[in-house]
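Chains as they are written, first to last, in our numbering: chain C, 13 to 443; chain X, 20 to 194.
Note that the Cβ used here is the ideal one computed from N, Cα and C, for glycine as well.
Here the structure is a predicted model, which means the values were calculated and not measured.
Below you'll find the structure, written out as structure tokens, and then a few comments.
Here it is, written out as structure tokens:
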């Protein structure tokens with residue numbers, strides 16, 4: 013009952029997160045994650061049942077296993093079922109003969125004040141060495157987070173780049189005709205909490221670089237207004253509520269400024285503003301539409317969508333203005349540019365044949381690759397390690413989220429049975 | 020906290036029901052600050068208690084009861100067939116300076132939400148421009164966009180999309 017249900021169906025693997033024991037009592041409308049594609053060369057790894065109180069440790073190891081499984085980069089080797097702690101020396105030969113290149117063991121135990129400490133070690137079964145070891149302390153209801161941290165360490169050691177299992181995502185849930193909720197959840201869709209509930213639409217959420225605030229557009233005043241919302245306190249600041257429409261916020265990498273779109277001077281033009289709403293400065297001046305600004309990771313340029321050339325295409329402009337350069341050329345509709353954290357790749361939405369599809373462009377070579385065959389992809393957002401892109405799409409008339417690896421091989425689907433999920437935003441690394 | 024807020028809200032609601040203040044014609048009534056500490060100043064946001072609209076705006080036989088201008092796909096120019104309608108509203112605004120109008124632009128749901136928001140804004144701006152050219156004052160009309168967020172028709176076909184590419188002209192109290 014505590015283990016994720018794993019079902020093999022052809023080449024695809026479906027993993028439902030059924031970790032009922034560790035769900036927070038307030039959580040509702042959880043996202044269900046379905047893996048619909050996996051990487052070609054998955055690393056075989058065994059996660060032994062950790063030592064400690066059996067229920068707690070099994071729940072913890074379930075989190076680690078489902079994180080690794082969901083990433084599409086690991087093949088989980090059956091670890092048997094006997095608890096193995098980090099202090100016993102591993103039987104390297106046995107694990108190697110089971111096919112595991114790496115093996116993790118650990119334990120979890122109470123350390124007082126309602127807190128638990130999770131300890132683990134990761135071993136290389138070929139070289140017969142310890143690859144990593146760490147301990148994480150968490151309050152009992154937050155034990156899932158310790159599991160995500162352990163999975164992050166394993167991921168980083170074996171893949172060579174940081175894991176994102178302990179990061180958070182934001183998205184909007186629409187139920188019925190006029191219930192909109194902005195949710196914050198763990199990257200695996202668990203522990204969902206509503207940051208904002210409204211009877212009017214909420215769009216374009218985006219995380220501050222420090223992960224503490226979200227900027228978004230709310231229609232609660234019957235028109236689009238940009239807010240910055242501090243998640244811990246619930247305090248909201250109106251950043252832009254000028255005459256006309258206020259929309260499309262994007263954080264500068266230093267977290268001090270936002271780029272956004274205002275129609276106060278006529279048309280939709282890109283402006284920059286301080287995070288408290290002061291210091292509004294106009295950046296673009298064209299007769300057509302300029303919208304969807306997104307800062308390059310070095311903070312020096314802003315990518316955006318404009319129809320100045322007759323059809324919506326992606327352009328780039330310096331943060332202090334100047335001439336805009338066209339970036340997208342193939343096709344008649346290229347929108348929603350987002351730049352990868354390393355600045356090398358641009359994710360965007362391109363209309364191809366009849367559908368709006370997720371595409372990536374290598375910014376150096378300008379090479380474009382279409383990553384999906386769906387029809388209504390929207391709102392791409394990069395994982396902070398740049399490996400996956402989360403998008404909104406539609407399946408069977410319902411809004412769902414889909415995570416796609418930048419090579420297009422790995423795909424996961426996140427849905428809620430009760431409503432439409434849309435407008436995803438992947439949060440930054442957490443300390 | 021909740022226990023404190025709910026009676027306060029009830030008190031506000033009751034106060035709102037029992038008194039019929041002479042509502043100022045136009046919004047922005049200043050909020051009084053009182054010194055006794057126990058009273059609560061009520062701020063009315065938006066057009067909650069809108070004035071009654073005159074029959075010429077609501078009578079189905081009057082052209083002014085029609086409020087919608089429809090647009091072509093990815094276009095934001097007001098088509099010739101809507102000129103009489105926009106002209107009629109422009110004249111009404113010119114003759115009734117106490118009235119204000121919100122023009123809400125809308126888009127069908129294909130493509131990017133933010134691009135569609137900008138498209139809806141272009142449509143609302145086009146209606147506003149025509150209204151002001153024909154006699155309405157700049158400060159009487161605000162143009163905003165709802166993008167693809169408030170579709171009139173939820174369908175996924177050409178008929179629904181046509182209905183959703185729209186600018187709506189709303190008077191005080193209607194939005």
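Query, Result
"Determine which residues share a DSSP beta bridge with residue 136/C and list them.", "114/C and 141/C"
"Using only alpha-carbon positions, find the residue among 83/C, 74/C and 376/C that is nearest to residue 415/C.", "83/C"
"List in chain order: all unbroken alpha helix (DSSP H) runs of 4+ residues lying wholly within the segment 370–417 of chain C.", "none"
"Any chance you could list the beta strand (DSSP E) runs of at least 3 consecutive residues sitting entirely within the segment 53–89 of chain C, in chain order?", "55–59 and 86–89"
"In angstroms, rounded to a whole number, what distance separates the CA positions of residue 108/C and residue 421/C?", "28 Å"
"Mind pulling the chain X residues with CB within less than 9 Å of residue 368/C?", "129, 130 and 131"
"What is the rounded straight-line gap between the Cα of residue 315/C and the Cα of residue 336/C?", "9 Å"
"Measuring straight from C-alpha to C-alpha, what distance separates residue 166/C and residue 144/C?", "8 Å"
"Could you pull the DSSP bridge partners for residue 186/X from this structure?", "88/X and 124/X"
"Counting only C-beta atoms, is residue 157/X closer than 8 Å to chain C at any point?", "no"
"Write down every uninterrupted run of the alpha helix (DSSP H) in the segment 150–183 of chain X whose length is 4 residues or greater and which is fully enclosed by it, in chain order.", "177–183"
"Taking C-beta to C-beta, are residue 111/X and residue 83/X nearer than 8 Å?", "yes"
"From residue 199/C to residue 181/C, what distance separates their C-alpha atoms?", "6 Å"
"Starting from the C-beta of residue 313/C, find all residues in its chain whose C-beta is less than 8 Å away, skip the five residues before and the five after it, and write them out in chain order.", "307, 328, 329, 330 and 331"
"So, for residue 400/C: in the same chain, excluding its five sequence neighbours on each side, which residues have a beta-carbon less than 6 Å away from its beta-carbon?", "415 and 417"
"Closer than 6 Å by C-beta to residue 319/C: which residues in its own chain qualify, once you throw out the five before and the five after it? Chain order, please.", "300 and 301"
"Can you name the residues that DSSP bridges to residue 247/C?", "DSSP lists no partner for residue 247/C."
"Counting only C-beta atoms, is residue 134/X closer than 8 Å to chain C at any point?", "yes"
"For residue 179/X, decide whether its Cβ has a neighbour in chain C, counting only Cβ atoms nearer than 8 Å.", "no"
"List, in chain order, every chain X residue whose beta-carbon is nearer than 9 Å to that of residue 209/C.", "Near residue 209/C there are no residues of chain X at all, since even the closest Cβ is about 15 Å away, more than 9 Å."
"Over what stretch of residues does the beta strand (DSSP E) that includes residue 334/C continue unbroken?", "333–338"
"According to DSSP, is residue 93/X part of a helix, a strand, or is it coil?", "coil"
"Please classify residue 141/X as buried or exposed, where buried requires at least 16 other C-beta atoms within 10 Å of its C-beta.", "buried"
"Check the C-beta distance from residue 3/C over to residue 396/C and give it rounded, since I have them as a contact under 8 Å.", "Because chain C in this structure spans residues 13 to 443, residue 3/C falls outside the shown range and cannot be described."
"Could you check what DSSP says for residue 315/C in three-state terms: helix, strand or coil?", "strand"
"Looking at the C-beta of residue 392/C, does it have a partner C-beta in chain X at a distance below 8 Å?", "no"
"Tell me which residue opens and which closes the beta strand (DSSP E) that residue 114/X is part of.", "First-last for residue 114/X: 102–114, but that is the alpha helix (DSSP H), not the beta strand (DSSP E)."
"Quick check on the DSSP output: what are the complete beta strand (DSSP E) runs of length 3 or more inside the segment 208–232 of chain C, in order along the chain?", "214–219 and 225–230"
"So, at 8 Å on beta carbons, what are the nonlocal neighbours of residue 171/X in its own chain, with the 5 sequence-adjacent residues on each side left out?", "125, 182, 183 and 185"
"Just checking my contact of residue 496/C with residue 119/C at CB under 8 Å: how many whole Å lie between their CB atoms?", "Residue 496/C is absent from the model: chain C starts at 13 and stops at 443."
"To which residues of the same chain is residue 244/C closer than 8 Å at the C-beta, ignoring the five residues directly before and after it?", "224"
"I need the straight-line Cα distance from residue 157/X to residue 238/C, nearest angstrom please.", "24 Å"
"Around the Cβ of residue 346/C, are there at least 16 other Cβ atoms within 10 angstroms (buried) or fewer (exposed)?", "buried"
"Does residue 228/C get closer than 8 Å to chain X when you measure Cβ to Cβ?", "no"
"Which of the three DSSP states is assigned to residue 153/C in this structure?", "helix"
"Using 8 Å as the Cβ pair cut-off and three pairs as the minimum, do the segment 376–385 of chain C and the segment 155–165 of chain C touch?", "no"
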